[in-house]
Amino acid sequence: LYIQDPTGGFQVFGVNNALALQVGDSVEISGTLGAFGTELQVVSPTIAPNVRRAVGAPAPAARTTAQLAAVTSPTNGDVGRLVRIRRVRVGAFASGNAPADDGSGPVPLRIANETVASIGTARFVAGRCYDVVGILSIFNNAPQLLPRGPEDVQEVSC
5 LYIQDPTGGF QVFGVNNALA LQVGDSVEIS GTLGAFGTEL QVVSPTIAPN VRRAVGAPAP
65 AARTTAQLAA VTSPTNGDVG RLVRIRRVRV GAFASGNAPA DDGSGPVPLR IANETVASIG
125 TARFVAGRCY DVVGILSIFN NAPQLLPRGP EDVQEVSC
């Protein structure tokens with residue numbers, strides 16, 4: 005789970021699924037700061053009972069693939085943020101990852117285990133272009149863009 009406010013985003017690990025949080029809900033979370041694969045995260049979270057439903061999801065920040073590829077620090081302001089890259093060509097997938105490039109330089113696009121069934125890798129056809137929205141994550145100091153679902157990947161003209 006990722007949360008975002010006007011200052012940036014953050015990963016939260018261990019949220020109780022019984023809360024049925026949805027994209028656009030407003031939450032107040034406390035917990036312990038930890039890290040996984042160098043990405044900072046809140047672990048053992050406690051969610052305050054004042055959850056507000058359907059407040060609205062943040063608008064994705066426009067970035068180039070080169071800008072995302074340059075992120076190597078877990079404290080970079082774009083880590084955990086919802087971002088959009090436009091007119092990217094996506095290469096071959098290996099272990100859930102493929103290079104995505106808008107012409108400025110490639111960044112890894114990751115179809116995570118949680119989204120492989122809904123997004124899939126077969127939707128990306130060589131030679132075609134896509135607009136992709138996702139959360140910028142970092143794993144072992146390397147950026148990766150994580151689309152949340154099929155609505156985050158749109159084929160567009162090149």
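Each residue of the sequence shown is one higher than the last, beginning at 5 in this note's numbering.
Ideal placement from N, C-alpha and C gives every residue a C-beta, glycine not left out.
What you are looking at is a predicted structure, and each value in this text was computed from that prediction instead of being measured.
Inter-residue spacing [alpha-carbon to alpha-carbon] between residue i and residue j
{"i": "P10", "j": "G84", "result": "12 Å"}
{"i": "R88", "j": "E159", "result": "13 Å"}
{"i": "V157", "j": "E118", "result": "16 Å"}
{"i": "D105", "j": "C162", "result": "12 Å"}
{"i": "I139", "j": "T50", "result": "22 Å"}
{"i": "S141", "j": "L25", "result": "20 Å"}
{"i": "T125", "j": "L72", "result": "21 Å"}
{"i": "A52", "j": "V31", "result": "7 Å"}
{"i": "F40", "j": "V16", "result": "11 Å"}
{"i": "G95", "j": "T69", "result": "13 Å"}
{"i": "I7", "j": "R91", "result": "26 Å"}
{"i": "C133", "j": "R93", "result": "5 Å"}
{"i": "N145", "j": "D82", "result": "13 Å"}
{"i": "V59", "j": "L149", "result": "24 Å"}
Burial state of residue i (16 or more Cβ within 10 Å)
{"i": "V111", "result": "buried"}
{"i": "T76", "result": "exposed"}
{"i": "R67", "result": "buried"}
{"i": "L37", "result": "exposed"}
Cβ-Cβ separation, residue j to residue i (assumed contact under 8 Å), whole Å
{"i": "L113", "j": "P78", "result": "L113 to P78, Cβ: 19 Å. No contact."}
{"i": "G18", "j": "V47", "result": "6 Å"}
{"i": "V137", "j": "P151", "result": "7 Å"}
{"i": "I115", "j": "G100", "result": "5 Å"}
{"i": "L23", "j": "V55", "result": "7 Å"}
{"i": "A102", "j": "F143", "result": "Not a contact, Cβ separation roughly 15 Å."}
{"i": "A61", "j": "G35", "result": "Actually they do not touch by this definition, with Cβ atoms about 22 Å apart."}
{"i": "G153", "j": "S108", "result": "With a Cβ gap of about 26 Å, G153 and S108 do not count as contacting."}
Beta bridge counterpart(s) of residue i as assigned by DSSP
{"i": "F17", "result": "V47"}
{"i": "D9", "result": "G12"}
{"i": "C133", "result": "V160"}
Bounding residues of the alpha helix (DSSP H) (the contiguous stretch that carries residue i)
{"i": "Q148", "result": "Careful: Q148 lies outside any alpha helix (DSSP H), inside the beta strand (DSSP E) at A146 to L150."}
{"i": "A73", "result": "T69 to A73"}
Residue range of the unbroken beta strand (DSSP E) whose run includes residue i
{"i": "L113", "result": "V111 to R114"}
{"i": "N3", "result": "Residue 3 falls outside the range modelled here, since the chain spans only 5 to 162, and no answer is possible."}
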